[in-house]
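Protein chains: 2
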Amino acid sequence: MDAFMQAAIEEAQQGLAEGGIPIGSVIVHKGRIIGRGHNRRVQQGSAIRHGEMDAFENAGRQPARVYRESVLYTTLSPCAMCSGAILLYGIPKVIVGENRTFLGEEALLRSRGVAVEVLQDETCIRLMQDFIANRPELWNEDIGE
Amino acid sequence: MDAFMQAAIEEAQQGLAEGGIPIGSVIVHKGRIIGRGHNRRVQQGSAIRHGEMDAFENAGRQPARVYRESVLYTTLSPCAMCSGAILLYGIPKVIVGENRTFLGEEALLRSRGVAVEVLQDETCIRLMQDFIANRPELWNEDIGE
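From first to last, the protein sequence lines are chains G and H.
Residue 1 is where the first sequence starts when you use full-length UniProt numbering, and the numbers rise one by one after that.
Residue 1 is where the second sequence starts when you use full-length UniProt numbering, and the numbers rise one by one after that.
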């Protein structure tokens with residue numbers, strides 16, 4: 001297991017332990033994590049703190065150059081909002097834990113030149129499968145359904 | 001002037017008075033503002049609190065039904081991130097103050113069925129023209145350039 005995806009999974013697990021939605025993300029610049037986070041819908045009553053957004057927020061204000069040299073890791077296929085943030089900041093590469101439980105905007109990302117790699121990691125899949133089975137209403141809220 | 005665009009402009013002006021980037025937004029459900037906000041990059045050191053994102057955040061957790069009956073007003077054409085949030089939550093209609101100083105993802109929104117109306121409001125245009133002239137480096141940072 002890639003150490004950065006492992007860090008994203010740890011974020012997801014921490015979110016679950018907090019009573020939240022188990023999705024985590026890290027942003028890596030030149031081999032160093034500059035931002036990490038997890039979904040905080042429950043914890044902060046937030047409609048915008050998806051895992052990837054939380055990682056962007058925690059990375060703070062970065063120059064464009066840094067984003068354009070970074071890789072974003074996320075345990076789940078990124079939704080339209082998080083994909084939009086990836087496009088806004090010109091992140092060139094996204095590593096996705098899995099897209100079996102939810103398929104986000106991977107096609108849009110690829111159409112704009114972003115390299116998207118999907119691992120179909122069993123830990124990521126199980127985290128979301130269990131969560132969706134246990135809290136379907138919360139999951140639907142998080143994806144606007 | 002539409003009272004809701006006026007409210008978005010007041011948010012933008014408040015942001016400018018705080019030393020921030022003058023972009024404001026309100027989300028309106030059945031004739032009532034349920035969330036309002038402005039860009040807080042400077043004020044909160046935030047990479048994700050664009051005006052529209054701040055309005056989503058301040059609206060709090062809403063059921064999908066509410067978003068699907070809402071109109072989002074923004075003083076400036078929405079970037080990829082904010083357009084992604086609009087798509088995630090299924091906002092059906094977006095009223096844009098202007099797109100002369102920055103053209104966001106209006107075409108993407110329309111291709112997904114979102115109604116986008118652009119007012120080319122002189123107050124909105126002037127707010128951004130003056131800001132971009134005065135603080136080009138801050139503006140570029142906000143749009144990932």
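We put the beta carbon where it would ideally sit given N, CA and C, even for glycine.
Owing to the predicted nature of the structure, the values given are computational and were not obtained by experimental measurement.
Listed in chain order, the beta strand (DSSP E) runs fully inside the segment 47-131 of chain G are 70-74, 93-96 and 115-118, counting runs of at least 3 residues. When the five nearest sequence neighbours on each side are left out, the beta carbons in the same chain lying within less than 6 Å of the beta carbon of D121/G are those of G97 and E98, in order along the chain. If you draw a straight line from the Cα of P22/G to the Cα of S83/G, it is about 18 Å long. Between the segment 57-77 of chain H and the segment 15-31 of chain H there are three or more inter-stretch CB-CB distances shorter than 8 Å, so the stretches are counted as touching. Out of H50/H, Q13/H and E69/H, the CA that lies nearest to the CA of R126/H is found in Q13/H. Secondary structure note for I9/G: its alpha helix (DSSP H) is the uninterrupted segment A3 to A17. By the Cβ criterion, the segment 40-50 of chain G is not in contact with the segment 70-80 of chain H, since fewer than three pairs of Cβ atoms, one from each stretch, lie closer than 8 Å. For D2/H, the number of other beta carbons within 10 angstroms of its own is below 16, and it is reported as exposed.
Not a single CB atom of chain G sits nearer than 9 Å to the CB of R110/H. Straight across, the Cα-Cα distance linking D54/H with S25/H is about 8 Å. Taking the Cβ atoms as the reference, F56/G lies roughly 13 Å from I33/G, outside the contact range of under 8 Å. When DSSP states are grouped into helix, strand and coil, R41/G belongs to the helix group.
The Cβ atoms of A8/H and T74/H lie closer than 9 Å to each other. Spatial neighbours of R110/H in its own chain (CB-CB distance under 8 Å, excluding positions within 5 residues in sequence) are listed in chain order as V116. Contact with chain G is found for E145/H, since one of that chain's Cβ atoms lies less than 9 Å from the residue's Cβ.
Cα atoms of Q129/H and R135/H: separation of roughly 10 Å, rounded to the nearest angstrom.
Here N58/H is buried, its C-beta having at least 16 other C-beta atoms within 10 Å.
Shortest Cα-Cα distance from G90/G to any of L88/H, G45/H, W139/H and I143/H involves I143/H. Q62/G belongs to the set of residues whose beta carbon lies under 9 Å from a beta carbon in chain H. Membership of P22/G in any alpha helix (DSSP H) is not indicated, and neither H nor E is assigned to it by DSSP. When DSSP reads this structure, G35/H sits in a beta bridge with I27/H. In the structure shown, E145/H adopts coil according to DSSP, grouped into three states. Restricting attention to V114/G, Q44/G and R36/G, the CA atom closest to the CA of E69/G is found in V114/G. Chain order gives the chain G residues near E57/H as S46, A47 and I48, where near means a beta carbon separation below 7 Å. Proximity of N39/H to chain G, defined by a Cβ-Cβ separation below 9 Å, is not satisfied.
The Cβ neighbour count for A107/H, taken over all protein chains shown within 10 Å, is under 16; the residue is labelled exposed. In summary, the residues of the segment 62-84 of chain H whose CB is separated from some CB of chain G by less than 8 Å are Q62, P63, A64, Y67, C79, A80, M81, C82, S83 and G84, in the order they occur in the chain. For I86/G, the CB contacts under 8 Å within the same chain, skipping 5 residues up- and downstream, are E52, L72, P78, V94, L109 and V114 in chain order.
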